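> Just so we're aligned: the sequence shown equals residues 5 to 234 in the working numbering.
We put the beta carbon where it would ideally sit given N, CA and C, even for glycine.
Please read these numbers as outputs of a predicted model, since none were measured by experiment.
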Amino acid sequence: MSDWRSFWDSEHSIYVNARHKDVHYREIADQIAAFVPSPTARVLDYGSGDAIHADRVAAVAAEVTLCDAAPSVRAAMASRFAGNPKIQVIAPEDVAALPDGRLDLIVTNSVAQYLTEDELTRLLAMFRRLLTPNGTLIFADVIPPDVGALSDVTALLRYATRHGFLIAALIGLAKTTVSPYRRIRNTLGIAQYTEAQFMKKLTDAGFAAERLARNMEHNPARMTFRARPV
Ligand SMILES: C[S@@+](CC[C@H](N)C(=O)[O-])C[C@H]1O[C@@H](n2cnc3c(N)ncnc32)[C@H](O)[C@@H]1O
Numbered sequence: 005m006s007d008w009r010s011f012w013d014s015e016h017s018i019y020v021n022a023r024h025k026d027v028h029y030r031e032i033a034d035q036i037a038a039f040v041p042s043p044t045a046r047v048l049d050y051g052s053g054d055a056i057h058a059d060r061v062a063a064v065a066a067e068v069t070l071c072d073a074a075p076s077v078r079a080a081m082a083s084r085f086a087g088n089p090k091i092q093v094i095a096p097e098d099v100a101a102l103p104d105g106r107l108d109l110i111v112t113n114s115v116a117q118y119l120t121e122d123e124l125t126r127l128l129a130m131f132r133r134l135l136t137p138n139g140t141l142i143f144a145d146v147i148p149p150d151v152g153a154l155s156d157v158t159a160l161l162r163y164a165t166r167h168g169f170l171i172a173a174l175i176g177l178a179k180t181t182v183s184p185y186r187r188i189r190n191t192l193g194i195a196q197y198t199e200a201q202f203m204k205k206l207t208d209a210g211f212a213a214e215r216l217a218r219n220m221e222h223n224p225a226r227m228t229f230r231a232r233p234v
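1. Between S10, A159, T69, M130, which lies nearest to D104 when the distance is taken from Cα to Cα?
2. I'd like the list of long-range same chain contacts for L48, defined as Cβ closer than 6 Å, with 5 residues on each side in sequence excluded.
3. Between A123 and ligand 1, is the CB less than 7 Å from at least one heavy atom?
4. What are the partner residues of E4, as DSSP defines its beta bridges?
5. Ligand 1 and N113: does any heavy atom of the ligand fall closer than 7 Å to the residue's C-beta?
6. Return the CA-CA distance between A80 and D54, expressed in angstroms with no decimal places.
7. Would you please state the rounded distance, in angstroms, between the beta carbons of W8 and L192? I believe it to be under 8 Å.
8. Could you give the distance in angstroms between the alpha-carbon of T228 and the alpha-carbon of G176?
9. Could you give the first and the last residue of the continuous alpha helix (DSSP H) run that contains Q117?
10. Pairs of beta-carbons, one from the stretch 55-63 and one from the stretch 17-37, closer than 8 Å: are there three or more?
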């Protein structure tokens, strides 16, 4: 899905305004922080996006590694967190080069849909290798096959109402219908999994897994899984 990579490396308007981006990344950071097992933990946020509040995770961990496929996203994060010695920004190939058992927590939110099934299989094998025996993988915002654009629209409008950016969200949604995102999604599609299919991907990769009661992101119809090496 190379076009998804170009999309995330471009000036897109997935976040309808600065407030949306701010509350989104703040909430994601706080949820990642809640999964950090101890102040000595080494954490990887894989497919982190802009992660503008990663310092909130770093505040409760020993080390936070941010990885994103998009070079422009990595450059923005590297510049933002240059003064924070606990945060490093690396490319996917650098993650692949990390030693076995390096990480206590790996979180990946809203990434599975942009991967082919083979890419997902390879990623899970790499995560399994990188986690300590007591480590945890959180795989979040996985989209079931019966959850479509209408569910995303409803969830975004509820979220925007709660956080005071409803008008901007309505304008953003109108723009999205003619955006590159919609065009790529119509052409390439996104990867979707039932709960059973995703659980099987995790168990086949050597994890014991469970679906959590609540999704990490704002659409409750999407799924978050917690997995531990077996
Ligand atoms: C929907 S955004 C999610 C960003 C962030 N995790 C969040 O919670 O908002 C998807 C991100 O995954 C990144 N991505 C997609 N495929 C990837 C891959 N194979 N390896 C690393 N990052 C990837 C994209 O560049 C993009 O920044």
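Reading it off the structure:
1. M130
2. T69, L107, I110
3. Correcting the residue type first, residue 123 is Glu in the shown sequence and not Ala. Yes, Cβ of E123 sits closer than 7 Å to a heavy atom of ligand 1.
4. A question about residue 4 goes unanswered here, because the residues of the chain that appear run from 5 up to 234.
5. yes
6. 7 Å
7. 7 Å
8. 26 Å
9. Element bounds for Q117: n/a, residue is neither H nor E.
10. yes
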